[in-house]
Structure formats: C-alpha cells, structure tokens
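Take a look at the structure set out below.
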Amino acid sequence: MRIALLCLTLLSLPAAAEVYTYLDADGNRVFTDRPRAGNAERVQMAPINAMGTPSPTAPPVAQAAPAAPPSYQLLRILVPEPDAAVQNGTSGDLIVTATSEPGLQPGHNYRLLLDGQPPLPPSRSPVFPLSNLDRGTHQLAVEIVDEQGRTLERTPNQPVHILRTSLTQKRQIKPCAKTDYGVRPECPLKDKPEEDVSILPFL
Numbered sequence: 009m010r011i012a013l014l015c016l017t018l019l020s021l022p023a024a025a026e027v028y029t030y031l032d033a034d035g036n037r038v039f040t041d042r043p044r045a046g047n048a049e050r051v052q053m054a055p056i057n058a059m060g061t062p063s064p065t066a067p068p069v070a071q072a073a074p075a076a077p078p079s080y081q082l083l084r085i086l087v088p089e090p091d092a093a094v095q096n097g098t099s100g101d102l103i104v105t106a107t108s109e110p111g112l113q114p115g116h117n118y119r120l121l122l123d124g125q126p127p128l129p130p131s132r133s134p135v136f137p138l139s140n141l142d143r144g145t146h147q148l149a150v151e152i153v154d155e156q157g158r159t160l161e162r163t164p165n166q167p168v169h170i171l172r173t174s175l176t177q178k179r180q181i182k183p184c185a186k187t188d189y190g191v192r193p194e195c196p197l198k199d200k201p202e203e204d205v206s207i208l209p210f211l
C-alpha cells in the first residue's frame with residue numbers, strides 16, 4: 009500500500025520539481041517537493057521518458073480519374089463516294105457531306121481536310137461547299153475536333169477525281185463569236201482577232 013501511495017505521490021509532482029524525503033514523528037516515510045530542515049534528504053529522480061502522442065494521419069485523398077473523352081462510334085463521308093469522278097463543267101465545284109454517330113456533341117465541330125489542309129474553318133455543319141478545285145485527283149478526310157482544335161475522330165483519306173472541262177475544250181465545243189470576247193471566260197479579249205480595216209476610198 010505504501011509503495012502504491014509513493015508512486016502516486018511521485019507522479020503528482022511537477023516534472024521539473026525536486027523531491028525530498030524524511031521520516032515523520034511516527035516513523036512514516038514522507039515525500040515532498042519542499043526542503044525540510046533537519047533530516048530531509050533529496051531524492052535523485054530518474055529522467056522521465058515522455059512519449060508524444062502521434063498526430064493522426066489523414067487518409068490519402070483518392071485522385072479522381074480524368075474523364076475519358078467522348079467517343080464516336082461512326083464518322084464517315086457520305087458525299088462524294090470513295091474514288092468518285094465529279095464532272096462539273098469549268099467551275100470545279102464540289103459539296104462534301106459527312107455524318108457521325110452519335111451526333112455532334114456540345115463544343116465539338118466538323119473539319120474538312122482537302123489534300124491534308126483545311127480549306128474551310130471548323131463548323132457545326134457537316135456540309136462543306138468547295139469551288140474552283142483544280143482538275144485531277146484530291147484526297148478528302150473529315151475530322152471531329154474539340155474547342156482547342158484537338159482531333160477526336162478522323163476518317164481515312166478517300167480520293168475524288170475532279171473532271172473539269174478546260175477552256176480550250178469549251179472553245180472547241182462552242183467557238184467564240186465576236187461578241188463573246190471579254191464575256192465568256194474561254195474567250196478573253198486578248199484572243200479576239202483584229203478586225204480588217206478597208207483602206208479603199210469611198211467612191
């Protein structure tokens with residue numbers, strides 16, 4: 009019992025206080041933090057090993073996975089058909105039409121590529137009117153791009169053949185009359201023949 013009381017007494021004292029002991033008049037061992045004149049002795053205290061309370065560690069915050077870009081199950085060119093030959097006189101006009109499944113999503117645009125270059129700005133419309141295409145074979149492709157211009161989907165290149173009637177061929181079909189020069193593109197003024205001027209005096 010006395011040992012337990014001794015332990016409680018020592019634990020109740022401040023960590024930095026000095027401890028003294030003495031025998032009282034009844035012969036009981038007394039411990040105190042105040043020196044006593046006479047028979048009080050200082051007790052050598054062993055250093056206290058204090059262990060700090062570990063701070064709770066917050067559980068790691070799960071990083072949300074980046075949202076996958078929306079996907080399209082289908083993107084293709086409807087008009088013209090692959091390897092089509094387009095005859096359109098001398099104008100070289102062509103209308104390209106595309107389609108996608110699902111339909112175009114918000115913030116996305118269609119972009120036409122002609123021989124690898126965009127002849128028109130991106131648009132929500134899948135219809136692209138082209139004019140004055142050179143005679144010969146061209147490569148067409150259509151892309152779906154996001155707001156930053158990044159390509160989300162793209163069709164394979166498909167060839168189209170522009171059969172454009174030359175001005176020479178058109179002159180052969182319909183020869184130029186005098187009044188056609190400077191009016192019809194195939195009849196420029198520089199090709200207009202000079203008119204014969206009679207130098208005979210009037211009689």
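Counting in this note's numbering, the sequence shown runs from 9 upward without gaps. Glycine included, every Cβ here is placed at the ideal spot set by N, Cα and C.
Beta carbon of THR145 nearer than 8 Å to that of PRO167: Contact: yes.
Where ARG132 falls: helix, strand or coil (DSSP): It is coil, neither helix nor strand.
Validate contact between the segment 131-150 and the segment 108-119 using beta carbons, cut 8 Å, 3 pairs: The segment 131-150 makes contact with the segment 108-119: 3 or more CB pairs, one atom from each, lie closer than 8 Å.
DSSP bridge partner residues for LEU120 (one or two, in chain order): For LEU120, which the question treats as bridged, DSSP gives the partners VAL150.
Reduced DSSP category for THR173 - H, G, I as helix; E, B as strand; rest coil: Residue state, collapsed to three classes: coil.
With 16 other Cβ atoms within 10 Å as the buried cut-off, status of GLU151: With 16 or more other Cβ atoms from the protein chains shown falling within 10 Å of its own Cβ, GLU151 counts as buried.
Distance, LEU175 Cα to SER79 Cα: Rounded to the nearest angstrom, the two C-alpha atoms are 47 Å apart.
Under 8 Å between C-beta atoms of LEU171 and VAL104: No, they are not a contact pair.
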